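A short write-up of the structure that comes next.
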Amino acid sequence: MRSIPWPRKTALTGLALAAGASAVLAGGSPAAAQDTNWVCWASAGSTVGCVRVTTSHTKIEVCDTAKNNIGVYAEFYLKNNRSGEIAHDVVSDSNGADPGCGTYWTETGWVITSFRGIERGTTSSPWITA
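Per our numbering, residue 179 is the first one in the sequence shown, and the count goes up by one each step.
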C-alpha cells in the first residue's frame, strides 16, 4: 500500500444533505470523477472523512480527516465485467487522521460501481455511482 497526498481542504465546496449530515463534493460530479476528486462528508459541521475512486474504477481510497478517535471506512460494490457477478467490500483508513489513507485495488476484471464513506457508528456520505 502506498501513501497518497492528503486531500486539500481548500479545494472543497459545501453541499448540505438531509439527516443532519452534510457532504462535500470536490471538483466535478462523482459520475465523472477523476483521480483528484474527493467525496467528503461532515458531522456537526466539520469534515470527518473523504473517499475517491479512480477514473478506471479499479482503486478506491478513504481518508480520515478528523482527529476525533472515530475511524472512517468506505463501503463499496464491485462488478465483474466478465461474469456479471456483484460483490460488496469495505476499506478503512487504519492510521486515523494521520497522513495516508486506506487503499483498495480491484482484481483484474472487477470495477467499483458505487461507494459511500462512513464514520464508524455515526454519519455517512450518500451512495455515489462510480
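Cβ coordinates follow ideal geometry from the N, Cα and C atoms, glycine included. These numbers come from a predicted model, not from an experiment.
Separation of residue j from residue i, as counted between CA atoms
{"i": "Lys257", "j": "Lys245", "result": "34 Å"}
{"i": "Glu253", "j": "Arg294", "result": "6 Å"}
{"i": "Arg298", "j": "Asn259", "result": "31 Å"}
{"i": "His235", "j": "Trp283", "result": "9 Å"}
{"i": "Trp219", "j": "Gly227", "result": "6 Å"}
{"i": "Ile238", "j": "Gly280", "result": "8 Å"}
{"i": "Thr225", "j": "Thr243", "result": "7 Å"}
{"i": "Ser302", "j": "Asp276", "result": "20 Å"}
{"i": "Cys241", "j": "Thr291", "result": "19 Å"}
Residue span of the beta strand (DSSP E) that contains residue i, given as start and end
{"i": "Lys237", "result": "237 to 242"}
{"i": "Ser224", "result": "224 to 231"}
{"i": "Ser221", "result": "217 to 221"}
{"i": "Gly287", "result": "Counting along the chain, Gly287 falls outside any beta strand (DSSP E), and DSSP gives it neither H nor E."}
{"i": "Trp283", "result": "280 to 283"}
Where residue i falls, given that 16 or more other Cβ within 10 Å makes a residue buried
{"i": "Ile306", "result": "buried"}
{"i": "Glu285", "result": "exposed"}
{"i": "Ser272", "result": "exposed"}
{"i": "Asn247", "result": "exposed"}
{"i": "Ala265", "result": "exposed"}
Beta-bridge partners of residue i, as assigned by DSSP
{"i": "Glu297", "result": "Val250"}
{"i": "Ser302", "result": "Ile296"}
Can you give, in chain order, each stretch of the beta strand (DSSP E) that sits fully within the segment 253 to 277 and has at least 3 residues? Correct list: 264 to 270.
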